[in-house]
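Structure record follows, encoded as structure tokens.
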Amino acid sequence: MIQAVLKGKSLGYEWKEDILTSTVFGILKYIRPDMLLIPFIESAFLYNEQKTSLWEALFLEGIDMRCYREVEYVFWAWNQKYGEPDLVQIFRNHIHGIDDLLLIIEAKFKSDKSGTDEKDQLARYFEAINDDIGNFSDSSVSNFKGIKGYIIYLTEAKSNLEMEGSNKIIQKKYPGIGGKIFQLRWHQLTETIEKMYPFYTVYEKAMADDLIMYMDKLGLRHFFGISLPDNSLISTLSLKHPIFYNYKNKKQTYFDELEDVEISLKKSIFYKEENL
Amino acid sequence: MSDIQKGNQITLVFKYIQQVCEECKQLIFKIDSLLAPELSNLYGNRITSEVSANLQTAKRWIIQAIFRTYENEKDGLVNKGITITFWDKDLEQPIITAGKIVYNDLSNRGYWDLWNIWFRWAEKKENNDYKADGRINHFESDKYKHIKEAYVFSWPLVSITDENELIEKIVKPLKEL
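Residue numbers (the numbering used here), protein chains in the order written: chain A, 1 to 276; chain B, 1001 to 1177.
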């Protein structure tokens, strides 16, 4: 899909969130988890005062995702009553024997959260995973025993209001439970790649390069404005005799300031040999 | 200052130009994304023309402006677009121009219509003075008959400091046109 998007052959499908989710996580599967998937999803955060990251929240529970030896990706696991989250990730086989961990990732692109109040999408998934996990169609999910309940809401823009609504519904139904829905934004992926890039193998670099171009093409990189010239460049450009000039043909460039090179023209440079 | 330091200044300037181009690419992809799926771009990855490879037109070796034109399937005679202009006579700083063009005749449509409206074709009047302050200017001309009318506005490029500014100053008004 990436090449089709980059070459303009994707017929508008590039704006579909399912295509985006499957393309991105489809590649993440083949990169060592601790090199991209884990730092990416660990950077998800809560909209609280401390902006608690998922890494911090898991750390408080004594969980380090890097200690799991396997990660299973279950795309669109189906639950008849509650619907299908985009991705369920199951972290297994912890090196210190800690329970397996299940995360739900709900991804959005060009659309908002589906449903409100009783039909709130994120609240429904929370309920599905806590009260009805046995009814997921995929046995990896339905047979899961371990730590669960965390939801990552992966979006293009800030979604604090949507998440607040979902959290209220969850807290109403499950008093005492708070801060289980974490915000992750698509642009955090390229930021994570940029941080981790020096540690990649050649193959991982090739995949990461493609991912960056893909995210770039979809406008899913953070835009910080146009860089202004740094100080050294500003001082260069503000010299009395700048390198470049545009002052109505007045010759006031850096090069004009250089001493004239005197070339003696006593003899012609080009000449016609008389004997020829 | 050593010769290397002097030469390094030239390299620095070119690297800076590359950096600005790279960031403009990102800006345009961002606009594509914010306008999608209702509007899709018309000319694929082409964003400029008339950059010269000719020895004798050295000033045009450097890119002057870029364009991005969008169409809506529902109305083929209406295009929206943006241009970013880095330099032109009397231009004090780079500007980003956005606008809507309603065509009479698509056969004469060109890459630079929006740019030409802003920089060359428009007759500047009071209340229609084409300043880069976000004010929307109306264009209509007997001379350029392939265009029925257009609405255009500009901002200094450096005023688009982040995504929110981009949405407020460019994307929202462009969508509303």
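C-beta atoms are modelled at their ideal positions from N, C-alpha and C, and glycine is treated no differently. Note that this is a predicted model, so its numbers are computed, not measured.
Chain-order list of chain B residues neighbouring residue 221(A): 1026, 1029 and 1030, by C-beta distance under 9 Å. Contact between the segment 67–82 of chain A and the segment 39–55 of chain A is absent: fewer than 3 CB-CB pairs across the two stretches fall below 8 Å.
Under the three-state reduction of DSSP, residue 150(A) is assigned to strand. Every beta strand (DSSP E) of 3 residues or more that sits fully in the segment 1073–1144 of chain B is shown, in chain order, as 1075–1085, 1095–1103 and 1137–1139.
For residue 1036(B), at least one C-beta of chain A is nearer than 8 Å to its own C-beta.
For residue 1018(B), the enclosing alpha helix (DSSP H) stretches over residues 1003–1035. When 154(A), 217(A) and 202(A) are compared, the shortest CA-CA separation from residue 7(A) is found for 217(A). Chain order gives the chain B residues near residue 216(A) as 1025, 1026 and 1029, where near means a beta carbon separation below 9 Å. Between residue 1082(B) and residue 1094(B), the C-beta spacing is not below 8 Å. Under a criterion of Cβ atoms nearer than 8 Å, the residues of chain A adjacent to residue 1161(B) are, in order, 224 and 225. With a cutoff of 8 Å on beta-carbon distance, residue 193(A) and residue 153(A) are scored as not near each other. With contact defined as three or more Cβ pairs closer than 8 Å, the segment 1015–1025 of chain B and the segment 1068–1081 of chain B are not in contact. Under DSSP, the beta-bridge partners assigned to residue 83(A) are 79(A).
Residue 98(A) and residue 34(A) have their C-alpha atoms spaced approximately 18 Å apart.
The Cβ of residue 1016(B) sits closer than 8 Å to at least one Cβ of chain A. Between the C-alpha atoms of residue 127(A) and residue 1111(B) there is a straight-line separation of about 53 Å.
Annotation: residue 215(A) to residue 1125(B) spans about 43 Å, alpha carbon to alpha carbon. 1034(B) is the residue among 1034(B), 1128(B), 1121(B) and 1021(B) whose C-alpha sits nearest the C-alpha of residue 1173(B). In this structure the segment 73–81 of chain A does not lie against the segment 46–63 of chain A, because fewer than three pairs of beta carbons, one per stretch, are closer than 8 Å.
Boundaries of the beta strand (DSSP E) harbouring residue 1156(B): 1147–1156, taken from the DSSP string.
Listed in chain order, the positions of the segment 1130–1161 of chain B with a beta carbon within less than 9 Å of a beta carbon of chain A are 1157, 1158, 1159, 1160 and 1161.
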